[in-house]
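Novice: My questions all concern the structure below.
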Amino acid sequence: MNFEEILSLPIDQASFCVLDVETTGLSPQYNNIIELGIVRVKNYKIVEKYHSLINPGRDIPNFITGFTGISNDDVYNAPFFDDIADEVTEFIGDDVIAGHNLSFDKSFLKREFNYCGRSEPANPNLCTLKVARRIFPLLKSKSLGSVASFLKIKSSSSHRALGDAETTAKILIKIAKHVKKNFGFETLSELVNFQYTTASRINGANLKSKILCEFDSLPDAPGVYHFINSKGHTIYIGKAKSLKERVRSYFSQTAPRKAKKIIKSASKLKIELTNSELTALLKEAESIKTKNPRLNTQLKKYGNKYFLRVNTAHKFPDLEISNHFDFDGNDYFGLFGTKKKALSMFEMIN
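Using numbering that gives the first Met the number 0, the first residue of the sequence shown is number 0, and each one after it goes up by one.
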């Protein structure tokens, strides 16, 4: 089967070789592989594993031993890469080669294959780090451990090739199922191409799946949220006491028509944390006035929230109760959750 035929396979029928390497350093130009782990994934299951320590032909630096636990004694009787190159090539076969930050692992494999007079496998590649950046945009770190934790995957021994390859394989299984279900991908080609898709080309129709899978990383804290369209224009700005719950409400079955219109037009969500709901309200009003989003028709009236407004336009400033905030030169105090609370403070001051 040629690679074109392989890429046309349904995602759930494709076979992947998920690999990870441990090395003597970060640069493939000056360093070597000391451990290789490969995990085969097929039909969303781990079906086979390959592992070997490798003699790098040089001393392993102490900091690498401290990082991986692999010492010079461990690799003293291990094969050189040249000794296992053929069995590695045979094990990989026609599978898609996958990894987390795959370019790092492949740069070392290329160096090792070339050093022993062979060409590296030219199989299709899939980097789970690149895919994670596109489907988990709100996740602060996309490291292997961070993505595994977010997906509730228990990691094996970290900084060992086979353990990290197994963790990456489990991530691959989850994200492959996710893009098939939420992005409508059917073929391996669609999944492979997706890793190169720029954020601006992930259209608004997919915003729901992107945000829904990010709820665990949305903070349960006050702040301001911006819905942005595919052209980078802010189309709506809102504030929230809890960003997680407020954003979630846009996707509920009972969401109002305006919320559904916002989601239909949006392709990206941006959030700004604030230290209080009042600060969020002020930040929201300021941002609306500055950006003038088309779906914010006017500065909001807060029908169920109240301020005490000191009207400075008069010779003797008047104290008023208002459910409207603006940058109009007046002084505002609040926020009061009910009119009764605002009235109580009003009477106390007067």
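Beta carbons: idealized from backbone N, C-alpha and C, even for Gly.
Is there contact here, the stretch 3 to 20 with the stretch 57 to 77, by at least three beta-carbon pairs under 8 Å?
Specialist: no
Novice: Mapping DSSP to helix, strand and coil, what is F2?
Specialist: DSSP places F2 in the helix class (H, G or I) of the three-state scheme.
Novice: Quick check: the Cα distance between L280 and V223, rounded to an integer number of angstroms?
Specialist: Going from the Cα of L280 to the Cα of V223 covers about 8 Å.
Novice: If you follow the beta strand (DSSP E) that A97 is part of, which residue opens it and which one closes it?
Specialist: Residues V95 to G98.
Novice: Under DSSP, the beta strand (DSSP E) around T22 begins and ends at which residues?
Specialist: S14 to T22
Novice: Nearest to F80 by alpha carbon, out of N54, I69, T289 and Y305?
Specialist: N54
Novice: Using 10 angstroms around the beta-carbon of H408, count the other beta-carbons present and answer buried if the total reaches 16, otherwise exposed.
Specialist: The displayed coordinates of the chain run from 0 to 349. Any statement about residue 408 would go beyond what the structure contains.
Novice: Using DSSP with H/G/I as helix, E/B as strand and the rest coil, what is K151?
Specialist: coil
Novice: Judging by CA-CA distance, which residue of S145, A160, D104 and S118 is the nearest neighbour of T67?
Specialist: A160
Novice: Can you check the stretch 99 to 132 for any alpha helix (DSSP H) of at least 4 residues that lies completely inside it and give the ranges in chain order?
Specialist: 101 to 114
Novice: For G237, name the three-state secondary structure that DSSP assigns.
Specialist: Strand at G237.
Novice: Return the CA-CA distance between N31 and A254, expressed in angstroms with no decimal places.
Specialist: 56 Å
Novice: Just tell me which of S106, K44, L8 and K41 has its CA closest to the CA of G24.
Specialist: S106
Novice: Who are the Cβ neighbours of D73 in its own chain at under 7 Å, not counting the five residues just before and after it?
Specialist: L52
Novice: Checking 9 Å against the spacing of the C-beta atoms, do Y49 and I172 come in under that value?
Specialist: no
Novice: Taking the alpha helix (DSSP H) that E165 falls in, what are its first and last residues?
Specialist: From DSSP, the alpha helix (DSSP H) with E165 extends over A160 to N181.
Novice: Could you tell me which of I236, L143 and A284 sits nearest to R293, measuring between CA atoms?
Specialist: I236
Novice: Determine contact between the stretch 84 to 98 and the stretch 34 to 43, defined as no fewer than three beta-carbon pairs at a distance below 8 Å.
Specialist: yes
Novice: Starting from the C-beta of T166, find all residues in its chain whose C-beta is less than 7 Å away, skip the five residues before and the five after it, and write them out in chain order.
Specialist: L143, A147, I152, S154 and S155
Novice: Could you spell out where the alpha helix (DSSP H) holding R39 opens and where it closes?
Specialist: Not the alpha helix (DSSP H): R39 falls in the beta strand (DSSP E), residues I32 to K41.
Novice: Starting from G231, trace the beta strand (DSSP E) both ways and give me its first and last residue.
Specialist: First-last for G231: undefined, no H or E at that position.
Novice: State yes or no: is the C-beta of N122 within less than 9 Å of the C-beta of D93?
Specialist: yes
Novice: Using the DSSP secondary-structure output, state which residues sit across from R293 in a beta bridge.
Specialist: For R293, which the question treats as bridged, DSSP gives no partner whatsoever.
Novice: Since L272 is in the beta strand (DSSP E), which residue starts that stretch and which ends it?
Specialist: Unbroken beta strand (DSSP E) run through L272: K267 to L272.
Novice: From K109 to I45, what distance separates their C-alpha atoms?
Specialist: 25 Å
Novice: Roughly how many angstroms separate the alpha carbons of Y352 and A168, rounded to a whole number?
Specialist: What is shown of the chain runs 0 to 349, which leaves residue 352 out entirely.
Novice: What distance in whole Å lies between the Cβ atoms of L272 and F306, which are believed to be in contact at a cut-off of 8 Å?
Specialist: Not really, about 22 Å apart at Cβ, beyond 8 Å.
Novice: Tell me where the alpha helix (DSSP H) around I261 begins and ends.
Specialist: R256 to S264
Novice: Report all residues from its chain with a CB closer than 8 Å to the CB of S221; omit the five preceding and five following residues, and keep chain order.
Specialist: Note that residue 221 is Pro in the sequence shown, not Ser. Correct list, in chain order: K238, A239, K240, S241, L242, L272, T273, N274, S275, E276, T278 and A279.
Novice: With distances taken from CA atoms, which of D163, L150, T196 and Y195 is nearest I174?
Specialist: L150
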